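Report on the structure given below.
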Amino acid sequence: MNRAAITEALVRHMADETTCALFDDRLVCDTALYYPNGDSVVVHVTDHDSLFEVSDNSEGMALAIQRLHRRSGVLATVGQRVCASSGLTFTNGRVSTVVPLADLADAVMRVAAASARIAEAVDFELATTERARRDFSQEVEHKLVERKIGVERTHTIVGQSGHRHHPTLFVPAAHALVEPIGVEAPWTRATAVYAMFGDVLKVSGFSRYAVIDDRGDHVKDEIQNLLQQVGSLVYWSDRVPWMERVAL
Numbered sequence: 108m109n110r111a112a113i114t115e116a117l118v119r120h121m122a123d124e125t126t127c128a129l130f131d132d133r134l135v136c137d138t139a140l141y142y143p144n145g146d147s148v149v150v151h152v153t154d155h156d157s158l159f160e161v162s163d164n165s166e167g168m169a170l171a172i173q174r175l176h177r178r179s180g181v182l183a184t185v186g187q188r189v190c191a192s193s194g195l196t197f198t199n200g201r202v203s204t205v206v207p208l209a210d211l212a213d214a215v216m217r218v219a220a221a222s223a224r225i226a227e228a229v230d231f232e233l234a235t236t237e238r239a240r241r242d243f244s245q246e247v248e249h250k251l252v253e254r255k256i257g258v259e260r261t262h263t264i265v266g267q268s269g270h271r272h273h274p275t276l277f278v279p280a281a282h283a284l285v286e287p288i289g290v291e292a293p294w295t296r297a298t299a300v301y302a303m304f305g306d307v308l309k310v311s312g313f314s315r316y317a318v319i320d321d322r323g324d325h326v327k328d329e330i331q332n333l334l335q336q337v338g339s340l341v342y343w344s345d346r347v348p349w350m351e352r353v354a355l
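Going by my numbering, the sequence shown opens with residue 108, and the numbers climb by one from there.
As structure tokens, then:
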């Protein structure tokens with residue numbers, strides 16, 4: 108492994124992806140980091156008598172609030188913790204620090220990274236909103252049991268690989284494997300379900316259902332495209348017809 112070549116490639120990439128331009132009395136730096144909406148993180152640098160203030164002008168928090176459609180104390184707490192761990196100041200949603208010239212490049216990247224993390228914090232807030240709620244799998248189980256549909260949590264099925272899988276929920280009457288996918292880390296959860304359903308795809312006698320919590324944000328196309336390759340999709344807002352089928 109050529110350490111020097113890798114280092115050079117990384118430095119070249121960062122240089123190619125970062126541009127700075129003067130705007131009024133400050134330097135505006137378009138960095139190599141990105142917000143969840145695909146926009147690059149922009150950092151503002153202002154000269155104060157040979158000390159430089161570096162800030163995100165509250166863009167990370169503004170984007171988080173925009174995605175959540177409301178202000179949140181949780182987001183503010185996350186912002187404070189993110190900034191504290193990076194040696195930055197967090198005031199009224201604004202990430203900033205003041206440094207000498209020698210530390211300016213490092214400060215720009217720390218502020219940009221913190222701003223991006225704050226914008227992403229809305230994903231954690233969405234997982235604990237007012238429908239705060241029990242774990243989604245418990246909610247799915249509860250609704251099935253309400254309809255007198257038998258559910259097991261200890262069923263085992265052996266896939267083509269020989270691996271023994273333990274589906275979250277199993278409906279014996281319908282020979283149905285049921286995997287709830289809630290709002291917290293949905294892509295990570297979806298890939299795990301994809302792997303299991305793919306391994307049991309040719310095991311005869313079982314149907315496979317990915318039950319997706321579609322309340323709130325729109326379900327991402329990539330999650331739907333992934334899971335429909337290996338099973339049937341059930342959207343929680345339209346669960347009744349599915350429950351009637353598995354009850355038969």
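We put the beta carbon where it would ideally sit given N, CA and C, even for glycine.
This structure is a prediction, so every number in the text was calculated from the model and none was measured.
For residue j and residue i, believed in contact at Cβ under 8 Å, the rounded distance
i	j	result
Phe-159	Leu-208	7 Å
Arg-201	Ser-165	4 Å
Met-350	Ile-288	Not quite, the Cβ-Cβ distance comes to about 17 Å (not below 8 Å), so this is no contact.
Own chain partners of residue i with C-beta closer than 8 Å, once the 5 adjacent residues on each side are dropped
i	result
Leu-182	Met-168, Ala-171, Ile-172, Leu-175, Ile-225, Ala-228, Val-229, Glu-232
Val-206	Leu-158, Phe-159, Val-161, Asp-213, Ala-214
Thr-295	none
Thr-138	Glu-124, Thr-125, Ser-147, Val-148, Val-149, Val-150, Val-215, Met-216, Ala-219
Asn-199	Ser-165
Asp-163	Val-148, Val-149, Val-150, His-151, Arg-201, Val-202, Ser-203, Val-218, Ala-219, Ala-221, Ser-222
Residue interval of the alpha helix (DSSP H) (run including residue i)
i	result
Asp-328	328 to 334
Leu-195	Neither: Leu-195 is in no alpha helix (DSSP H) and is coded neither H nor E.
Val-318	Premise fails: Val-318 lies in the beta strand (DSSP E), 314 to 319, not in any alpha helix (DSSP H).
Ala-219	211 to 227
Glu-351	346 to 353
Val-300	293 to 307
Ala-280	Careful: Ala-280 lies outside any alpha helix (DSSP H) and carries neither H nor E.
The beta strand (DSSP E) enclosing residue i, as first and last residue numbers
i	result
Pro-207	201 to 207
Ser-339	339 to 342
Glu-160	158 to 162
Ile-256	Run containing Ile-256: none; DSSP gives neither H nor E here.
Arg-133	133 to 141
Proximal residues to residue i (C-beta, below 6 Å), its chain only, five neighbours per side dropped
i	result
Leu-333	Ala-297, Tyr-301
Glu-286	Thr-275, Val-300, Ala-317
Ala-234	Annotation note: pLDDT 49 at Ala-234 (below 50); position unreliable, coordinate value reported separately. So the list reads Val-290, Glu-291, once near-sequence residues are dropped.
Alpha-carbon to alpha-carbon, residue j and residue i
i	j	result
Val-341	Ala-283	13 Å
Val-337	Ile-330	12 Å
Cys-127	Ala-112	26 Å
Arg-238	Ala-292	Per-residue confidence for Arg-238 stands at a pLDDT of 46, beneath the threshold of 50, marking its modelled position as unreliable; no derived number is given.
Thr-236	Val-290	Caution applies to Thr-236, whose pLDDT of 45 falls short of 50 and renders its modelled position unreliable; the value that the coordinates give is listed next. If you take the alpha carbons of Thr-236 and Val-290, they lie about 10 Å apart.
Glu-253	Ala-281	16 Å
Leu-211	Gly-180	31 Å
Thr-196	Asp-154	17 Å
Val-265	Leu-308	11 Å
Asp-328	Ser-339	15 Å
Asp-306	Met-121	40 Å
Asp-132	Thr-184	31 Å
Val-326	Asn-109	42 Å
Ser-192	Ser-314	47 Å
Val-310	Gly-194	54 Å
Same chain, Cβ closer than 7 Å to residue i, five either side skipped, listed in chain order
i	result
Ser-344	Asp-321, Arg-322
Ala-354	Arg-254, Ile-256
Thr-114	none
Any non-hydrogen atom of the ligand PLP closer than 6 Å to residue i Cβ
i	result
Asp-146	In terms of ligand content, the structure shown is empty, and the ligand PLP therefore cannot be addressed.
> Does the count of Cβ pairs from the region 253 to 262 and the region 271 to 280 closer than 8 Å reach three?
Replying inline: yes
>> Between the region 184 to 191 and the region 127 to 146, can you find at least three pairs of beta-carbon atoms closer than 8 Å?
In response: No, the region 127 to 146 does not touch the region 184 to 191.
>> Taking 8 Å as the cut-off, does the region 249 to 259 touch the region 313 to 328 (at least 3 CB pairs, one atom from each stretch)?
In response: no
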